[in-house]
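Those protein sequences? They're chains A and B, same order as listed.
Heads up: the first sequence runs through residues 202 to 633, numbered per the numbering used here.
Heads up: the second sequence runs through residues 65 to 352, numbered per the numbering used here.
So the structure is just underneath, and the comments pick up after that.
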Amino acid sequence: MRERTLQLDPPSQVDSPDLPAGTEPVHEPPRAPRGDLVGDPPLRGSPLSGLWLKGLAPLVLVAILVAIVLRMGPAGIFQTAFPPIEELTIERVVIPGPGELRVSVVNGGPEPVTVAQVIVDDAIWTHDVLGPRTIERLQRRVIRIPYPWVEGEPHNITLVSSTGLTFGHDIAVATQSPTVGPRYLWTFALLGIYVGVIPVFLGLLWLPFLRGIARRWLDFFLSLTMGLLLFLGVDALVESTETAALVPSAFQGGALVLMGVLGTPLLLAAIGRWRTSGTTAPTPLYVASLIALGIGLHNFGEGLVIGTAYSTGEIALGTFLVIGFLLHNTTEGLGIVAPLAATAPRLRHLVLLGAVAGVPTIAGTWIGGFSYSPVLTTLFFAIGAGAIAQVLWELWKLFARRPEGGLTRPLNAAGLIAGMAIMYVTGLYIAA
Amino acid sequence: MMAVGELQPGSFDPDAYLTHFDYGRQSTLPSGQTLREYTLEAVDREIEVAPGVFYPAWTYNGQVPGPTIRCTEGDRVRVLFTNRGSHAHSVHFHGIHAANMDGAFEMIGPGQSFTYEFDAEPFGLHLYHCHTVPLKRHIHKGLYGTFIIDPKVGRPPAREMVMMMNGFDTNFDGDNEVYALNTVAFHYQKHPITIERDELVRIYLVNITEFDLINSFHLHGNFFRLYRTGTNLEHFEFTDNLMLCQGERAVLEFSYKHAGPFMFHAHQSEFAELGWSAIFQVREPLHA
Numbered sequence: 202m203r204e205r206t207l208q209l210d211p212p213s214q215v216d217s218p219d220l221p222a223g224t225e226p227v228h229e230p231p232r233a234p235r236g237d238l239v240g241d242p243p244l245r246g247s248p249l250s251g252l253w254l255k256g257l258a259p260l261v262l263v264a265i266l267v268a269i270v271l272r273m274g275p276a277g278i279f280q281t282a283f284p285p286i287e288e289l290t291i292e293r294v295v296i297p298g299p300g301e302l303r304v305s306v307v308n309g310g311p312e313p314v315t316v317a318q319v320i321v322d323d324a325i326w327t328h329d330v331l332g333p334r335t336i337e338r339l340q341r342r343v344i345r346i347p348y349p350w351v352e353g354e355p356h357n358i359t360l361v362s363s364t365g366l367t368f369g370h371d372i373a374v375a376t377q378s379p380t381v382g383p384r385y386l387w388t389f390a391l392l393g394i395y396v397g398v399i400p401v402f403l404g405l406l407w408l409p410f411l412r413g414i415a416r417r418w419l420d421f422f423l424s425l426t427m428g429l430l431l432f433l434g435v436d437a438l439v440e441s442t443e444t445a446a447l448v449p450s451a452f453q454g455g456a457l458v459l460m461g462v463l464g465t466p467l468l469l470a471a472i473g474r475w476r477t478s479g480t481t482a483p484t485p486l487y488v489a490s491l492i493a494l495g496i497g498l499h500n501f502g503e504g505l506v507i508g509t510a511y512s513t514g515e516i517a518l519g520t521f522l523v524i525g526f527l528l529h530n531t532t533e534g535l536g537i538v539a540p541l542a543a544t545a546p547r548l549r550h551l552v553l554l555g556a557v558a559g560v561p562t563i564a565g566t567w568i569g570g571f572s573y574s575p576v577l578t579t580l581f582f583a584i585g586a587g588a589i590a591q592v593l594w595e596l597w598k599l600f601a602r603r604p605e606g607g608l609t610r611p612l613n614a615a616g617l618i619a620g621m622a623i624m625y626v627t628g629l630y631i632a633a
Numbered sequence: 065m066m067a068v069g070e071l072q073p074g075s076f077d078p079d080a081y082l083t084h085f086d087y088g089r090q091s092t093l094p095s096g097q098t099l100r101e102y103t104l105e106a107v108d109r110e111i112e113v114a115p116g117v118f119y120p121a122w123t124y125n126g127q128v129p130g131p132t133i134r135c136t137e138g139d140r141v142r143v144l145f146t147n148r149g150s151h152a153h154s155v156h157f158h159g160i161h162a163a164n165m166d167g168a169f170e171m172i173g174p175g176q177s178f179t180y181e182f183d184a185e186p187f188g189l190h191l192y193h194c195h196t197v198p199l200k201r202h203i204h205k206g207l208y209g210t211f212i213i214d215p216k217v218g219r220p221p222a223r224e225m226v227m228m229m230n231g232f233d234t235n236f237d238g239d240n241e242v243y244a245l246n247t248v249a250f251h252y253q254k255h256p257i258t259i260e261r262d263e264l265v266r267i268y269l270v271n272i273t274e275f276d277l278i279n280s281f282h283l284h285g286n287f288f289r290l291y292r293t294g295t296n297l298e299h300f301e302f303t304d305n306l307m308l309c310q311g312e313r314a315v316l317e318f319s320y321k322h323a324g325p326f327m328f329h330a331h332q333s334e335f336a337e338l339g340w341s342a343i344f345q346v347r348e349p350l351h352a
């Protein structure tokens, strides 16, 4: 027998039916009228120009102070002969062909840095700095080193500044870098298709199965989805914080993580509230879209990492990698369709959901493969983590609305744990 | 493999250092003994150890290595040392002398002076360096120089050169980033030392490298007579490769049979490629 109870409460049923008799339905407090949100007395009688002046005055004073300090120096303080705190980061080493290395370097420190010498594999080496040797704060520079690198072997590049400080970078495996062109565009697209698109779409094919099972098993799979998402969210957060350590300090890797992780769910929640006026529960399609978006952002970050690892020779498009991602990411498709089991989604919606979750992987492999940047990787993983947090919150609320027990129901708890376990075990097959 | 660029004008000149010997102010004591007086001043100074790479050194007389002090065995050596640096320093001479002239216990504070005085013995190739703790830092920051005591009988006439094998830990991680002969990486490779074919060359070679246990000297296209520590006038060995421990030194004598450029360098390839590589440009004798 089919149990066709709605998986999600339709928007119209959100409030009262399950409440015990005599209980007042909980309503949101009446909204304050527009323009009075802060609670301060309204600025009556102030002409608009006066208000602007009040808002801008501190900024103008700061600008004046900055101008004075730039011109006269900071009035005695900080004037001792500190050694300059230099910071250079090698963001990327491109190997355009035999006998040449191209090092992209960024000055993320507080002071200009002058590249005086270059050491490759413990040998001071000739090189060209394409531009002035002194790199100003936040400036980038490319250094060309004619060096007979050896295919498949590691190399080390160390930049020596004029003050004798050294900034190193390890090439894990030397191999010619991919160049933008049909061959590598297709290679990376294929990588993204294997890793992101095919698995997600395969996972969507679980929909007919989900539509046929009993309600409590549907809840089990929804819990399992939460487990998958929890795993992906934590994975994205860990990747984000790990990459943040590689971000030049001026670009504040930690802050990028914070903005992505907290800003994204807030933004998504605000959009959701604006879309539904904040009064109704989200529709199944909306929840599925959120899940697809979260997974898509995560997969974009994953694409960045895979593309970079591939272009730097650290991974090959090997059988194991493809099989690993097939197993790992097919579950993502399951996660997307789990909230839709009680509805009859249109085919184009399903295709769109799959595309949102899977196709960003291709964009990620392209960007990662051709121009890796720790800043971008940190930010996108953080955004992915934030988006997944938002989805988890929506799913959590969905379970909390259930009168017959939420996530703590043994079957549901088992689903959540199983979801994480599946991701862990399939993750073991991925070498990247 | 090569450093890029040139030294800034006014920097320490390794070519001048190579053949410069400080014999001191010479006078005769009432006893008839020769007195040689030298002045050493400890000065903090930034030096250039490779083109464009500056190192906050502690120096004797503003240069690394310090001046080459030279005398003859039996001379009275008097060294007036003044510390104009920011830390306590001393001068510890290798040689035979009284305990209170050893520079190991009495530290000379900033602004203070001390006069070291002793008879020059034994003849040979020695060195001097600061003996203030932490020793590693005081030495690798640049407080060292060569101290030559000539034998009374003298050595055969030759083109003489001083070479100190040194290194610089520019980022202070306990490992040298730059190696050199007389401070500047690759200097004598970019500016080969010109000698003549058949000319007798004598090298006073001192290893003052910090952090690495040994350094070495390998001569291309030739062999040299080795006088360990220069304390014996009979040569010890005929070889083309010499290994010296920290503080060890040797006098090398050779002449070239063929004209042309000949490399000489540390036979540790790493040291050679980080700056301790040089070239003798052997030319035909002008009078021939």
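All C-beta atoms in this analysis are idealised placements derived from N, C-alpha and C, irrespective of residue type, glycine included.
Reference residue i, options the options, closest by Cα
i: A184(B); options: L191(B), H161(B) and R201(B); result: H161(B)
i: A415(A); options: A543(A), A601(A) and R549(A); result: A543(A)
i: I267(B); options: A249(B), H251(B), L245(B) and T273(B); result: L245(B)
i: P215(B); options: W340(B), F328(B) and G138(B); result: G138(B)
i: R134(B); options: G209(B), A168(B) and P115(B); result: G209(B)
i: R334(A); options: V316(A), I346(A), A324(A) and T327(A); result: V316(A)
i: R280(B); options: L316(B), S150(B) and T295(B); result: Note that residue 280(B) is Ser in the sequence shown here, rather than Arg. Minimum Cα distance to S280(B) is reached at L316(B).
i: E442(A); options: L302(A), V576(A), I623(A) and R272(A); result: Position check: residue 442(A) holds Thr in this sequence, whereas Glu was assumed. Comparing Cα-Cα distances from T442(A) to each of L302(A), V576(A), I623(A) and R272(A), the minimum goes to V576(A).
i: T509(A); options: I265(A), S572(A) and L599(A); result: S572(A)
Neighbour-count burial assignment, residue i, 16 or more Cβ in a 10 Å radius
i: A67(B); result: buried
i: F421(A); result: buried
i: D329(A); result: exposed
i: P78(B); result: buried
i: Y625(A); result: exposed
i: L419(A); result: buried
i: G525(A); result: buried
i: R100(B); result: buried
Chain A residues whose Cβ lies nearer than 7 Å to that of residue i
i: P131(B); result: None at all; the shortest Cβ gap to chain A is about 24 Å.
i: R67(B); result: According to the sequence as given, residue 67(B) is Ala; it is not Arg. Those are Q318 and I325, listed as they occur along chain A.
i: A249(B); result: I325
i: E274(B); result: Per Cβ cutoff of 7 Å: no residues; E274(B) is ~15 Å from chain A at best.
C-beta neighbour in chain A for residue i, strict 8 Å
i: V315(B); result: no
i: N235(B); result: yes
i: L338(B); result: yes
i: F118(B); result: yes
i: E334(B); result: yes
i: P115(B); result: yes
i: E38(B); result: Outside the modelled stretch of chain B, which goes from 65 to 352, sits residue 38(B), for which no answer is possible.
i: E70(B); result: no
i: E224(B); result: no
i: E357(B); result: The requested residue 357(B) does not occur in the structure, where chain B is confined to residues 65 to 352.
Minimum Cβ-Cβ distance from residue i to chain B less than 8 Å
i: A375(A); result: no
i: A233(A); result: Confidence is the limiting factor: at A233(A) the pLDDT is only 46, short of 50, which leaves the residue's position unreliable and the question unanswerable from this model.
i: H328(A); result: yes
i: L457(A); result: no
i: L366(A); result: yes
i: T335(A); result: no
C-alpha gap between residue i and residue j, whole angstroms
i: L186(A); j: E503(A); result: For chain A, the structure presents residues 202 to 633; residue 186(A) sits outside this window and is missing.
i: E181(B); j: G130(B); result: 18 Å
i: Q377(A); j: V113(B); result: 34 Å
i: V304(A); j: D322(A); result: 14 Å
i: Y348(A); j: P546(A); result: 58 Å
i: V263(A); j: A451(A); result: 21 Å
i: E421(B); j: Y385(A); result: Only positions 65 to 352 of chain B appear in the structure, and residue 421(B) is not among them; the question remains open.
i: Q318(A); j: I343(B); result: 21 Å
i: P311(A); j: T290(A); result: 13 Å
i: V307(A); j: G428(A); result: 39 Å
i: T513(A); j: G69(B); result: 31 Å
Contact list for residue i against chain B, beta-carbon separation under 9 Å
i: S363(A); result: G116, V117 and F118
i: L360(A); result: Near L360(A) there are no residues of chain B at all, since even the closest Cβ is about 11 Å away, more than 9 Å.
i: T315(A); result: G116
Contacts of residue i in chain A (Cβ-Cβ under 8 Å)
i: E348(B); result: Near E348(B) there are no residues of chain A at all, since even the closest Cβ is about 31 Å away, more than 8 Å.
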